[in-house]
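Report on one structure; see the data block that follows.
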Amino acid sequence: DTPYTIIMMVVPREGANTWRFETSDGLDYPTNTNDADMGSFNPVSRMDLTVQADRRSPGSVIEVVLNVAAGASLIRELVVIAPPSFGFPPSGCGDMCTPGQPLGSTSRRTATIASPTQEPLTRLQGLRIQ
Numbered sequence: 002d003t004p005y006t007i008i009m010m011v012v013p014r015e016g017a018n019t020w021r022f023e024t025s026d027g028l029d030y031p032t033n034t035n036d037a038d039m040g041s042f043n044p045v046s047r048m049d050l051t052v053q054a055d056r057r058s059p060g061s062v063i064e065v066v067l068n069v070a071a072g073a074s075l076i077r078e079l080v081v082i083a084p085p086s087f088g089f090p091p092s093g094c095g096d097m098c099t100p101g102q103p104l105g106s107t108s109r110r111t112a113t114i115a116s117p118t119q120e121p122l123t124r125l126q127g128l129r130i131q
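2 is the number of the first residue of the sequence shown in the working numbering; add one for each residue after it.
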C-alpha cells in the first residue's frame, strides 16, 4: 500500500454541503470516487467575538463580558479557554457557565457556557463570566 496525502483548499457554502471526491490516473474515468454518498454536513459559519474586561491586580476576580455575533449559526455551547495562569472559580463562573478540565498538556483552564436544558443559546450578547 502506498500512502497518499491530499491537501486542498475549499470554500463551503452556508447550509448543508455534499462533496464529491475523485482520484484519477489521467485516463478517461476516475480510479476511485465517494459518489457524493457520504451524507451532507453543515460547516461552521463565521462568528465574531468581542471581549471586555477591566484591568485588575493579580489574584483578583475579574468579570469578563463576551459578545458573540453568531450569524446564522445554531450555538449549543461555547467553550472558553482562559489565558495562561488564569482560571475560573470552582464554585461557578457565571450564568450558564461551568468550569471545565484543563486543556491538554497546556494546563490552561476551560469553562463551558451552555443552557441547562440543552437548548441552543439565544442570548449571546453581554455574557458575563468570571
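Even glycine gets a Cβ: it sits at the ideal position worked out from N, Cα and C.
Residue state for T107 is assigned as helix, using DSSP reduced to three classes. Here the alpha carbons of D2 and A73 stand approximately 43 Å from one another. Less than 8 Å divides the Cβ of A71 from the Cβ of M48. With a beta-carbon spacing of about 13 Å, V81 and L125 fall beyond the 8 Å limit used to define contacts.
Sorting Y5, T6, S25 and S41 by C-alpha distance to the C-alpha of R14 places S41 at the top. If you draw a straight line from the Cα of A115 to the Cα of G93, it is about 13 Å long.
Boundaries cannot be given for Q102, as no beta strand (DSSP E) includes it and DSSP labels it neither H nor E.
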